[in-house]
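I have placed the structure first, in the form of structure tokens, so that the comments after it can refer back to it.
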Ligand SMILES: CC(C)(COP(=O)(O)OP(=O)(O)OC[C@H]1O[C@@H](n2cnc3c(N)ncnc32)[C@H](O)[C@@H]1OP(=O)(O)O)[C@@H](O)C(=O)NCCC(=O)NCCS
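In the working numbering, the protein residues as written are 572 to 767.
If you want it as structure tokens, here you go:
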């Protein structure tokens with residue numbers, strides 16, 4: 572009954588959030604939100620290997636704010652190479668994640684608004700495809716499917732059915748095969764990789 576009432580309230584609630592570019596003063600609130608929503612294991616994910624010590628793709632770190640400007644949602648996208656094409660040329664693309672919405676604001680369309688804004692901005696900036704690891708049942712509504720990513724692998728354990736892709740330019744991922752690797756700018760002061 573409580574869940575039904577929550578859905579009814581969410582349906583009639585006025586729009587109380589806005590999507591905005593993340594700025595440096597949002598970092599602490601965003602990290603707290605991710606810790607709360609994704610739990611302590613979030614830094615052990617294979618996607619994290621791609622994000623670690625990197626800067627998000629230009630213009631593609633977004634937040635949702637409540638009426639007081641507090642961060643209640645977050646999504647970021649990262650420059651990657653999505654394997655190589657039939658000629659062996661690396662395919663530039665984006666990896667999306669994490670996407671998170673504060674639990675007490677769930678079901679108000681904030682996650683969807685963040686996704687749509689991120690996809691639109693990625694397209695405007697000329698990117699050809701977006702990949703992510705997540706629940707197909709949620710991401711299919713935005714056009715993400717496993718099919719285009721079927722010959723790609725993450726640099727660590729992952730579930731094949733959760734590696735999803737959306738082409739922003741038709742055919743961008745044709746023939747894409749191999750490892751997904753980071754290609755974004757390194758964070759200033761990031762430790763250099765030790766030689767093996
Ligand atoms: C997933 C998440 C971002 C959705 O945010 P949100 O603002 O509640 O999403 P929206 O309001 O836009 O959409 C809600 C809809 O998504 C559905 N949904 C939410 N999570 C889902 C999931 N993992 N699988 C399938 N559907 C899901 C809800 O049931 C609801 O469906 P309805 O529209 O038919 O009622 C949020 O629940 C969250 O932060 N979850 C924890 C972090 C996480 O798991 N992120 C990655 C998702 S794989």
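Idealized CB from N, CA, C, for every residue including glycine.
Option nearest residue i by Cα separation, candidates the options
i	options	result
residue 747	694, 755 and 738	738
residue 760	605, 745, 623 and 588	623
residue 734	696, 630, 694 and 616	616
residue 685	721, 664, 710 and 620	710
residue 635	695, 749, 590 and 687	590
residue 718	661, 676 and 731	731
residue 714	722, 683, 620 and 724	683
residue 608	595, 742, 669 and 662	669
residue 620	740, 728, 721 and 742	728
Proximity below 8 Å, CB of residue i to CB of residue j
i	j	result
residue 601	residue 626	no
residue 691	residue 667	no
residue 656	residue 754	no
residue 736	residue 707	no
residue 644	residue 688	no
residue 726	residue 752	yes
residue 592	residue 633	yes
residue 654	residue 750	yes
residue 588	residue 639	no
residue 613	residue 604	no
residue 564	residue 631	With the chain represented from 572 up to 767, any question about residue 564 goes unanswered, as that position is not in the structure.
residue 744	residue 662	yes
How would the residue list near ligand 1 read, in chain order, if you kept each one whose beta-carbon is closer than 5 Å to any heavy atom? 608, 670, 671, 672, 677, 678, 680, 681, 682, 683, 705, 706, 708 and 709
Which ranges does the beta strand (DSSP E) cover as unbroken runs of at least 3 residues, wholly within the segment 625–693, from first to last along the chain? 632–637, 642–655 and 661–672
Hey, which unbroken runs of the alpha helix (DSSP H) at 4 residues or more fall wholly within the segment 595–627? 598–609 and 617–622
Just list the alpha helix (DSSP H) runs in the segment 683–759, keeping only unbroken ones of 4 residues or longer that don't cross its boundaries, in chain order. 707–710
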